[in-house]
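What follows is a short report on a single structure.
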Amino acid sequence: MMLDVESLSDSRLATGIELLCDGGGFRMNRVEFTLSNDILSCAAVSEWQPENLTDDRALAEINRAQYTHTRLAEQSADYLTAIAAAEIRYSVIYNYGMGSVELCHLDNGNLIRPVV
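Note that UniProt numbering has the sequence shown beginning at 1, numbered continuously upward.
So, in structure tokens, the structure goes:
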């Protein structure tokens, strides 16, 4: 289950963090947060169609995910505790309505796109 959380002051944030710890996740600022096998996925939902996602646009989307994650970590002790042991993975996804597909991810500062 993916819970929509509007802001850091949203009362649903606590529920979103509980879901995160229980195998679900939450969405804030068009970034989906999930936690699995000690990997925190911060997946920016793209504002672009896959064919229009340039590297610069993808990096801007990832910057949004990084910013949102940083704000959460700075403002929520519960979030910070929940992700304390996790490796963080930033990606850009395209939501096509029935699901989503990863368009790219960040690996050691490099933008990696899947081979098609």
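Cβ coordinates follow ideal geometry from the N, Cα and C atoms, glycine included.
Quick caveat, the model's predicted, so the values are computed rather than measured.
Task: Nonlocal neighbours in the same chain, by C-beta distance under 6 Å from Arg27, ignoring five residues either side - done: Locating residue 27 in the sequence shown gives position 27, where the first residue counts as 1. Taking Arg27 as the centre and dropping the five residues before and after it, the same chain places the C-beta of Met2 and Asp4 closer than 6 Å to its C-beta, in chain order.
- [ ] Kindly say whether Asp10, judged by its beta-carbon, lies nearer than 8 Å to any beta-carbon of chain D.
- [x] Chain labels in this structure do not include chain D; a single protein chain is all it has.
Open item on the list: Tell me the DSSP secondary structure of residue 125 in three-state form.
Closed with: In this structure the chain extends from 1 to 116, so residue 125 is not present and cannot be described.
- [ ] May I ask you to list the residues that DSSP assigns as paired with Val5?
- [x] By 1-based counting over the sequence shown, the position of residue 5 is 5. None, per the DSSP bridge assignment.
- [ ] Give every residue of the same chain whose Cβ lies closer than 6 Å to the Cβ of Ile17, excluding the five residues on either side of it in the sequence, and list them in chain order.
- [x] Within the sequence shown, residue 17 is the residue found at index 17, counting from 1. Here the set comprises Asp78, Tyr79 and Ala82.
TODO: Give me the Cα-Cα distance between Leu13 and Gly23, rounded to the nearest whole angstrom.
DONE: Stepping through the sequence shown from its first residue, residue 13 is reached at position 13. Stepping through the sequence shown from its first residue, residue 23 is reached at position 23. Those two C-alpha atoms are separated by around 15 Å.
Open item on the list: Suppose the cutoff is 6 Å on Cβ atoms and the five residues either side in sequence are ignored; what does the same chain contact list for Ala65 look like?
Closed with: By one-based count along the sequence shown, residue 65 stands at place 65. Closer than 6 Å at the Cβ level, and outside the excluded window around Ala65, lie Val31, Cys42, Ala44 and Tyr90.
Task: Span of the beta strand (DSSP E), counted from its first residue to its last, around Ile112 - done: Counted from its first residue, the sequence shown places residue 112 at position 112. Asn110 to Ile112 is the extent of the beta strand (DSSP E) around Ile112.
TODO: Scan the region 71-110 and note each continuous beta strand (DSSP E) run of 3 residues or more that stays entirely inside, going in chain order.
DONE: 87-95 and 100-107
Task: Asp56 versus Ile62 - alpha carbon distance - done: Counting from 1 along the sequence shown, the entry for residue 56 is found at position 56. Counting from 1 along the sequence shown, the entry for residue 62 is found at position 62. Distance between Asp56 and Ile62, taken at the CA atoms: about 10 Å.
- [ ] Below 7 Å CB to CB, which residues in the same chain sit around Leu59 once its five sequence neighbours on both sides are set aside?
- [x] Residue 59 sits at position 59 when you count from the first residue of the sequence shown. Excluding the 5 residues flanking it on each side, Leu59 has same chain C-beta neighbours closer than 7 Å at Leu111, in chain order.
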